[in-house]
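Undergrad: Quick one: the structure is below, and I'll ask about it shortly.
Number of protein chains: 2
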Amino acid sequence: MQGQNISDIIEEYLKRILADTHQIEIKRSEIAQLFNCVPSQINYVINTRFTIQNGYIVRSKRGGGGYIRIAKVNLVSDADVLDELIAVIGDDINSAQAFQIIQSLFEDGVLTRKEANLVLAAMDQRTLAFEDKRIENTVRARILISILNRLKYDD
Amino acid sequence: MQGQNISDIIEEYLKRILADTHQIEIKRSEIAQLFNCVPSQINYVINTRFTIQNGYIVRSKRGGGGYIRIAKVNLVSDADVLDELIAVIGDDINSAQAFQIIQSLFEDGVLTRKEANLVLAAMDQRTLAFEDKRIENTVRARILISILNRLKYDD
DNA sequence: ATAATAATAGTCAACATTAGTCAAAAAGTT
DNA sequence: AACTTTTTGACTAATGTTGACTATTATTAT
């Protein structure tokens, strides 16, 4: 019952395919035409919904026969991906990005739903609301990295 | 029977729908138009009448296709106990006290071992690492309260 | 080989479309 | 009168859409 905008619809379309195949290769202009939007909207969808935080790796090629390839990756089982993720987090991370990472961990089965919800509660915007936004994002990054480390070494 | 002000009427309208469906998704401007009030009045109604204390959680999205989603949640049986804990915590709590609370919740079976460890990782001294101890304890209190609030309902 | 041309995808900023915040004004209560 | 709650609207923030311009790669012509 959600998703009245084109971006959500394109996202859903791509993820439905990815549920089966783990990887897809598209032509930007074809997808744009299919959904009756400008080609750059495909970039917007990819940049907001198919990031490494979401558990996706995207590669593309321009020129004749160009393509955009989207692959679903498993976050914690793949050490390289995890390192990349930690690098992306760096010293600060906002609420939306943290949410995406936790959701990815849930989808990969690393966290149960309840575990994910508790972690999200700890990092929520309202929870960490500081005078200074930068401090909020810094603390969130520290919490998230602490959680990821905890998950690495397991109980 | 409530008073006749607009806020009460909007509240009643939304809660009547929620009695059937468990969750609704509205467009702020549409509801405002329906009741002939300014959009921000919808925020007022939500903030005063659809809080977690009342058993509701609210999520929203801005931009094209934006929405406000209100869900009725089932409060768990020990929700009032959690409320008491929240009252005791107040504005700040140190690391040791927080540990004791989490341990109690583990012993009572409210949290699994893994859940408890994740929560502790989020609130750990090294994780929060503030220069000012008072600020650290304030942040820890906010995190712990947020988690306790989350524990008041399932999924 | 090299240069020109065609065929792709990427970037960025302006504009559009929502919801959120905050504080003053108005209305209601005690 | 003093205090609380509700109403209002100007301003802010977040998200989505569009198109002109740029960058890269492949193909074709010289």
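Heads up: the protein sequence lines correspond to chains A and B, in order. Quick note: to get the working numbering, add 395 to the position in the first sequence (first position is 1). Quick note: to get the working numbering, add 395 to the position in the second sequence (first position is 1). Glycine included, every Cβ here is placed at the ideal spot set by N, Cα and C.
Just the chain B side, please: which residues come within less than 8 Å of Ala-517 (chain A) by C-beta, in chain order?
TA: Val-514, Ala-517, Met-518, Ile-538, Ser-541, Ile-542
Undergrad: I want to verify the contact list: residues of chain A whose CB lies under 9 Å from the CB of Ala-414 (chain B), in sequence order.
TA: Going along chain A, no residue has its Cβ under 9 Å from Ala-414 (chain B), so there is no contact; the nearest lies around 18 Å.
Undergrad: Could you name the residues that DSSP lists as bridge partners for Ile-404 (chain B)?
TA: Looking at the DSSP assignment, Ile-404 (chain B) forms no beta bridge with any residue, so it has no partner.
Undergrad: For the putative contact between Ser-402 (chain B) and Val-440 (chain B), defined by C-beta atoms under 8 Å, what is the C-beta separation to the nearest angstrom?
TA: Confirmed, Cβ separation roughly 5 Å.
Undergrad: Within the region 457-488 of chain B, note down every full alpha helix (DSSP H) run reaching 4 residues or more, in order along the chain.
TA: 474-484
Undergrad: Give the straight-line distance between the Cα atoms of Asp-487 (chain B) and Asn-532 (chain B), rounded to the nearest whole angstrom.
TA: 5 Å
Undergrad: In the DSSP output, what is Arg-454 (chain B) paired with across the bridge?
TA: According to DSSP, residue pairing for Arg-454 (chain B) in a beta bridge involves B:Arg-464.
Undergrad: What are the start and end residues of each continuous beta strand (DSSP E) run of 3 or more residues lying completely inside the region 411-444 of chain A, in chain order?
TA: 418-421
Undergrad: So Thr-522 (chain B) contacts chain A; which residues on that side make the cut at Cβ distance below 7 Å?
TA: Arg-537, Ile-538, Ser-541
Undergrad: Between B:Ser-499, B:Leu-409, B:Asn-489, B:Asp-550, which has its C-alpha nearest Arg-508 (chain A)'s C-alpha?
TA: Ranking B:Ser-499, B:Leu-409, B:Asn-489, B:Asp-550 by Cα distance to Arg-508 (chain A) puts B:Asp-550 first.
Undergrad: Going by Cα to Cα distance, which pick from B:Leu-546, B:Gln-520, B:Asp-503, B:Arg-457 is closest to Ser-424 (chain B)?
TA: Ser-424 (chain B) has its Cα closest to that of B:Arg-457, out of B:Leu-546, B:Gln-520, B:Asp-503, B:Arg-457.
Undergrad: Return the CA-CA distance between Gln-498 (chain B) and Gln-498 (chain A), expressed in angstroms with no decimal places.
TA: 26 Å
Undergrad: For Lys-528 (chain B), would you say it is in contact with chain A, using Cβ-to-Cβ distances shorter than 9 Å as the test?
TA: Chain A contact via Cβ: absent.
Undergrad: For chain B, find out if any of its Cβ atoms is closer than 9 Å to the Cβ of Asn-400 (chain A); answer yes or no.
TA: yes
Undergrad: Under 9 Å between the Cβ atoms of Tyr-408 (chain B) and Phe-430 (chain B)?
TA: yes
Undergrad: What residues of chain A sit near Arg-545 (chain B), judged by a beta carbon separation below 7 Å?
TA: Simply Asn-512, Leu-513, Ala-516.
Undergrad: Suppose only complete runs of 4+ residues qualify. What are the alpha helix (DSSP H) ranges in the region 482-529 of chain A, listed by chain order?
TA: 490-502, 508-518, 520-523
Undergrad: Please confirm if the region 507-525 of chain A is in contact with the region 470-483 of chain A, defined as three or more CB-CB distances below 8 Å between the two stretches.
TA: no
Undergrad: Using a Cβ-Cβ cut-off of 9 Å, state whether Asp-403 (chain A) counts as contacting chain B.
TA: By this cut-off, Asp-403 (chain A) is an interface position.
Undergrad: Using 10 angstroms around the beta-carbon of Asn-544 (chain B), count the other beta-carbons present and answer buried if the total reaches 16, otherwise exposed.
TA: buried
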